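Visitor:
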Amino acid sequence: IIAHEMGTNIITTSGPGIERAGDLVGILTNLNEGDVLFIDEIHRLSKTIEEFLYPAMENFKIDFIIDKGPYARTIKFHLKRFTLIGATTRSGLLSAPLRARFGMYYHLDFYTPEELSLIVTRSAGLLGILIEKEAALEIARRSRGTPRIANRLLRRVRDYSQVKADGKITVEIVHQALHQEGIDNLGLGNLDRKVLLTIIQQYRGGPVGIDSLAATLNEEPDTIVDVIEPYLLKIGLLKRTRKGREATELAYKHLGIKYHNTLL
Numbered sequence: 064i065i066a067h068e069m070g071t072n073i074i075t076t077s078g079p080g081i082e083r084a085g086d087l088v089g090i091l092t093n094l095n096e097g098d099v100l101f102i103d104e105i106h107r108l109s110k111t112i113e114e115f116l117y118p119a120m121e122n123f124k125i126d127f128i129i130d131k132g133p134y135a136r137t138i139k140f141h142l143k144r145f146t147l148i149g150a151t152t153r154s155g156l157l158s159a160p161l162r163a164r165f166g167m168y169y170h171l172d173f174y175t176p177e178e179l180s181l182i183v184t185r186s187a188g189l190l191g192i193l194i195e196k197e198a199a200l201e202i203a204r205r206s207r208g209t210p211r212i213a214n215r216l217l218r219r220v221r222d223y224s225q226v227k228a229d230g231k232i233t234v235e236i237v238h239q240a241l242h243q244e245g246i247d248n249l250g251l252g253n254l255d256r257k258v259l260l261t262i263i264q265q266y267r268g269g270p271v272g273i274d275s276l277a278a279t280l281n282e283e284p285d286t287i288v289d290v291i292e293p294y295l296l297k298i299g300l301l302k303r304t305r306k307g308r309e310a311t312e313l314a315y316k317h318l319g320i321k322y323h324n325t326l327l
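Take any residue in the sequence shown, count from 1 to its spot, add 63: that is its number in the numbering used here.
1) Per DSSP, T317 forms a beta bridge with which residues?
2) Give the DSSP-derived three-state secondary structure of T76 in the structure shown.
3) If distances are taken between C-alpha atoms only, which option among S158, I90, K131, V99 comes closest to I125?
4) At which residue ranges does the region 180–225 contain complete alpha helix (DSSP H) runs of 4 or more residues, listed in the order of the chain?
5) Quick one: is R83 buried, meaning 16 or more other Cβ sit within 10 Å of its Cβ, or exposed?
6) Could you compute how far the alpha carbon of D289 sits from the alpha carbon of P133?
7) What number of angstroms, rounded off, separates the C-alpha of K196 from the C-alpha of S180?
8) Determine the direct distance from the alpha carbon of I182 to that of R205, and round the result to whole angstroms.
9) To which residues of the same chain is A187 closer than 6 Å at the C-beta, ignoring the five residues directly before and after it?
10) If you compare alpha carbons, which of L301, E312, I320, Y294 is closest to Y174?
11) Considering only the alpha carbon of each residue, which of H67, N72, I112, I64 lies closest to G80?
12) Cβ of G250 within 8 Å of Cβ of R207?
13) For F145, name the three-state secondary structure that DSSP assigns.
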């Protein structure tokens, strides 16, 4: 959208994809005047790569050293003016110098069910799917506020509808399809519920440290922190304290488990 409004091109890449300084130099020197460079997961850039970005962001110049030892020499590249946009779900991992060089910061919140419903309806039209308005809203409610998830669930419901029904998506079809997928009315999947059940049943509701929780679930800590926790925290089923993660009273209620206040 930004590139379209500016009337320029957008070049997309990701932090893990830029492994060497030469990769970044190649990308930057091929940018045209006014192009937008988008780096996803920018927090995963190495410190060496970050340092190459500093002069490019400030002065549209970059110094690249070739050869080694007594034969080493510096080549100066003058870059065309470009716009750099970075995206990350873990802004705290950005180094202070890199963060300070960005002129603007924006936090994108989750989409509302009503907003996602419009996206689902539009996607259904592009896929040639007949869908009821309430069915689109039901898919939106279970999409964790994320368009990517909404479109994925729409495709799963479409597959179910084409096999089990006449191809038209109704609220009942959505309920049946997502029940089969293990997606409940709050959008929680099997792993989400497993996290909550583990905290409640094995750690008496918490608190429990992330490493202990990950070891019990046989999952990577980053998977829980980056994929599972944000939505559970947002909808109030989980709280994070200095001592660890705790399941809330709402989590007990959602899972149909009697709540016991461990402080009493």
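Note that the Cβ used here is the ideal one computed from N, Cα and C, for glycine as well. In this text the structure is predicted, and so the values were computed from the model without any measurement.
Guide: Quick look at the numbers:
1) The residue you asked about is not Thr; residue 317 is His in the sequence shown. In the DSSP output, where bridge partners are listed per residue, H317 has none listed.
2) Looking at T76 - three-state DSSP - the assignment turns out to be strand.
3) Nearest C-alpha to I125: I90.
4) The region 180–225 contains these whole alpha helix (DSSP H) runs: 196–204.
5) Counting Cβ neighbours within 10 Å, R83 comes out exposed, since fewer than 16 surround it.
6) Between D289 and P133, the C-alpha separation is close to 46 Å.
7) The alpha-carbon atoms of K196 and S180 are separated by roughly 8 Å.
8) A direct Cα-Cα distance of roughly 13 Å separates R205 from I182.
9) Result list for A187: I194, in chain order.
10) When C-alpha distances from Y174 are compared across L301, E312, I320, Y294, the shortest belongs to Y294.
11) Restricting attention to H67, N72, I112, I64, the CA atom closest to the CA of G80 is found in I112.
12) In this structure, R207 lies closer than 8 Å to G250 by Cβ.
13) It is coil, neither helix nor strand.
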